[in-house]
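Trainee:
In the numbering used here, the protein residues as written are 1 to 250.
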């Protein structure tokens, strides 16, 4: 497939701090990219750069056909104020703001799409509940429904599984798989190595001022994870102990 985004010799950071340099990578349609790294390595800054909120310090960032007009974005849960006085269905509908009619309302067809998005995210049964009454997992499902409604070719997810249980994570991962199969580019920031990597074909590992990109299973070796300060040697030895099939999934 043709590259949607080409990055060449990129350096990212701020005037008084370079987070990493020398990143070159291409993102193709139908790619799910996991972005990993220790705290402060530049994961969220990388996402903000893709959103156009942060400029690179150096290097080349080329969008094939121009930057996507629509980008689906899910920020970290800590950046969302659940006291906002709206219902779950209203939150999902916000993703379809361009479909609002002249009176600021959704027509019947768009309302059906909202219901379908809520159903896909597993929150149709609580569509009329207020956000402040939701658990962390329910709120994240509702936010995923909003991203579904955005119907964007590029989807950016910043720590989407940080406050959810395993059942919710497994359900949301099926949505990621569907987006990939539809040919969308999905970039997700993740904090820990888990089953999520079985749903990603490429990874970007940040740490110690370096940025490493490649297929998940060839990139995330114990040596690289240790050298880029993602984990200690003892942690790596435990995770990859005896080269078991379970560990090889990492």
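Idealized CB from N, CA, C, for every residue including glycine.
1) To which residues of the same chain is residue 101 closer than 7 Å at the C-beta, ignoring the five residues directly before and after it?
2) What does DSSP give as the partner residue(s) for residue 72 in the beta ladder?
3) At which residues does the alpha helix (DSSP H) containing residue 142 begin and terminate?
4) Going by DSSP, what residue range makes up the beta strand (DSSP E) through residue 62?
5) For residue 68, which residues of its own chain have a beta-carbon under 6 Å away from its beta-carbon, when the five flanking residues on both sides are left out?
6) Going by CA-CA distance only, name the one from 186, 191, 199, 185 that's closest to residue 171.
7) Would the region 31-40 count as touching the region 188-208 if we require 3 or more Cβ pairs under 8 Å?
8) Which of helix, strand or coil does DSSP assign to residue 46?
9) Taking just the CA atoms, how far does residue 184 sit from residue 93?
10) If residue 87 sits next to residue 120, beta carbons under 8 Å apart, how far is it from one beta carbon to the other, in whole angstroms?
11) Could you give the distance in angstroms between the alpha-carbon of residue 226 and the alpha-carbon of residue 212?
12) Pick out whichever of 133, 137, 142, 96 has its Cα sitting closest to the Cα of residue 124.
13) Suppose the cutoff is 8 Å on Cβ atoms and the five residues either side in sequence are ignored; what does the same chain contact list for residue 237 look like?
14) Evaluate residue 160 with the Cβ neighbour count: other Cβ atoms within 10 Å of its Cβ, from every protein chain shown; 16 or more gives buried, anything less gives exposed.
15) Can the beta-carbon of residue 164 be found less than 9 Å from the beta-carbon of residue 140?
16) Report yes if the C-beta distance between residue 23 and residue 5 is below 9 Å; otherwise report no.
17) Under 8 Å Cβ to Cβ from residue 3, same chain only, skipping five residues before and after it: list those, please.
18) Tell me whether residue 95 is buried or exposed, calling it buried when 16 or more other Cβ atoms sit within 10 Å of its Cβ.
19) How many whole angstroms separate the CB atoms of residue 61 and residue 7, which I take to be in contact at a CB cut-off of 8 Å?
20) Nearest-angstrom Cα distance between residue 162 and residue 149?
21) Where does residue 118 land, buried or exposed, given buried means 16+ other C-beta within 10 angstroms?
22) DSSP has residue 35 in a bridge; who is on the other side?
Mentor: If we stick to the structure as given:
1) Because residue 101 carries a pLDDT of 48, less than 50, the predicted location of this residue cannot be relied on, and the following value inherits that uncertainty. So the qualifying residues of the chain are 107.
2) According to DSSP, residue 72 bridges with 155.
3) Membership of residue 142 in the alpha helix (DSSP H) is indicated by the continuous run 136-150.
4) Its beta strand (DSSP E) spans residues 58-63.
5) Result list for residue 68: 153, 154, in chain order.
6) Nearest C-alpha to residue 171: 199.
7) Three or more Cβ pairs closer than 8 Å define a contact, and the region 31-40 meets that threshold against the region 188-208.
8) In the structure shown, residue 46 falls within a helical segment according to DSSP collapsed to helix, strand and coil.
9) Spanning the alpha carbons of residue 93 and residue 184 requires a straight line of approximately 21 Å.
10) Between residue 87 and residue 120 a beta carbon distance of about 18 Å is seen, past the 8 Å cut, so the two are scored as non-contacting.
11) Approximately 13 Å, taken between the alpha carbons.
12) The candidate whose alpha carbon is nearest that of residue 124 is 142.
13) Closer than 8 Å at the Cβ level, and outside the excluded window around residue 237, lie 222.
14) Note on residue 160: 16 or more other CB atoms within 10 angstroms of its CB, so buried under the neighbour-count rule.
15) Taking 9 Å as the Cβ cut-off, residue 164 and residue 140 qualify as a contacting pair.
16) Cβ atoms of residue 23 and residue 5: not closer than 9 Å.
17) Within its own chain, the residues whose Cβ lies closer than 8 Å to the Cβ of residue 3, once the five positions on either side in sequence are excluded, are 26, 27, 28, 64, listed in chain order.
18) Buried.
19) Confirmed, about 6 Å.
20) Taking the straight line joining both Cα atoms gives about 22 Å.
21) In summary, residue 118 is buried, with 16 or more beta-carbon neighbours lying within 10 Å of its beta-carbon over all protein chains present.
22) Answer by DSSP bridge pairing, in chain order: 189, 204.
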